[in-house]
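Everything on this sheet refers to the single structure shown next.
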Amino acid sequence: MRRVEPGAVFEGRRVVVTGAGSGIGLATARAFAAHGAEVVCADIDAAAASRAADALAKDLGGTGHAAQVDVSDAAQMEDFSRNIISQYGVPDIVVNNAGIAVAGPFLDHTVDDWRRTIDVNLWGVIHGCRLFGAAMVERGEGGHIVNIASLAAFAPSRLLPAYSTSKAAVKMLSDCLRAELAGHGIGVTAVCPGFVSTPIARNATYVGPDVREQAVRDLARRGYPAERVAAHVLRAVHRNQAVVPVNLEGQIGYALSRVSPAAMRGLARWSGIMRNRGNRR
Ligand SMILES: NC(=O)c1ccc[n+]([C@@H]2O[C@H](COP(=O)([O-])OP(=O)(O)OC[C@H]3O[C@@H](n4cnc5c(N)ncnc54)[C@H](O)[C@@H]3O)[C@@H](O)[C@H]2O)c1
150 MRRVEPGAVF EGRRVVVTGA GSGIGLATAR AFAAHGAEVV CADIDAAAAS RAADALAKDL
210 GGTGHAAQVD VSDAAQMEDF SRNIISQYGV PDIVVNNAGI AVAGPFLDHT VDDWRRTIDV
270 NLWGVIHGCR LFGAAMVERG EGGHIVNIAS LAAFAPSRLL PAYSTSKAAV KMLSDCLRAE
330 LAGHGIGVTA VCPGFVSTPI ARNATYVGPD VREQAVRDLA RRGYPAERVA AHVLRAVHRN
390 QAVVPVNLEG QIGYALSRVS PAAMRGLARW SGIMRNRGNR R
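Below, the structure written as structure tokens:
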């Protein structure tokens, strides 16, 4: 049995991380490798995936493999999962992390902005869960799936309507899947970080006012490193946690959304008003 039991270490575990070329995915791949896991670093950016996998061996003496895949593409994901399983075996842990952001008001989002966001952030997670989840069930030895959602899953916002919608769906998918797979010894976790200082703001698409430089500066200033999210991911698998809000705003947002959803809606209105005032100054 290869169940990921509380108390187990990650020595010899096979781990797949999507979006492992940068930010939270890169830090998570490194953290699992540092704890003895064999890690597949998957990314749409082939060079970034290779750099990540090479670094696992060079910096950490671990085992890393690189794979290029667009998580939003059903056919590519089917090939990817088939290849991974035939080359390395069924993964014990899958981290569906790859994600993108489109920022700006709802009325400035195009249909294509919505499609890309939902395709990568939601369909990418659905494909990962569907394909690797089925393989884990068939193997019959348990496992764990981590989906990287966000504070945006429960904090409405005037600036991230498509992104927040995709993350709310990821959080609900994780809860549904957790119930379904529990009987197979497979844990499912939704990790919900607040602001994390990664390149996501630089990589994002901005619709409406171009606030890219301000967003990049704000996220850098937040000073919350991806490595701390990675530590939460490992702990979540170790303890089989259902929902893991990460950092102060993540934890306060999660608590407030349960105690007073109306307060969260009020905050969303208020922060938009404050931002509009700031833009006019
Ligand atoms: N940084 C934050 O503040 C923050 C907060 C909460 C949640 N998150 C979530 O964490 C996850 C990682 O974000 P990050 O901050 O590390 O961003 P990032 O931009 O640093 O990294 C994202 C990675 O995903 C890859 N990627 C993008 N589209 C892909 C696709 N279609 N297929 C495969 N790979 C793809 C990119 O090439 C990149 O390497 C995302 O799901 C994001 O929504 C981030």
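So for the sequence shown, this note's numbering puts the first residue at 150; every next one is plus one. We put the beta carbon where it would ideally sit given N, CA and C, even for glycine.
The beta carbons of V295 and V345 sit no closer together than 7 Å. Closer than 6 Å to some heavy atom of ligand 1: that describes the Cβ of I249. For D208, the enclosing alpha helix (DSSP H) starts and ends at A195 to L209. Within the segment 334-392, the complete alpha helix (DSSP H) segments of 4 residues or longer fall at 349-352, 361-371 and 375-388, listed in chain order.
Excluding five sequence positions before and after A183, the CB atoms of its chain that fall closer than 6 Å to its own CB belong to L209, given in chain order. Under the 8 Å Cβ criterion, the segment 360-372 does not count as touching the segment 276-289, having fewer than three qualifying pairs. In the structure shown, G415 adopts helical secondary structure according to DSSP, grouped into three states. In this chain, the beta strand (DSSP E) harbouring I242 covers I242 to N245. Assignment of beta-bridge partners to V166 by DSSP yields C190 and V244. Ligand 1 has no heavy atom closer than 6 Å to the beta-carbon of F229. For S313, the shortest separation between its Cβ and any heavy atom of ligand 1 does not lie below 6 Å. According to DSSP, residue pairing for V395 in a beta bridge involves P342. The C-alpha of P348 lies about 6 Å from the C-alpha of G172.
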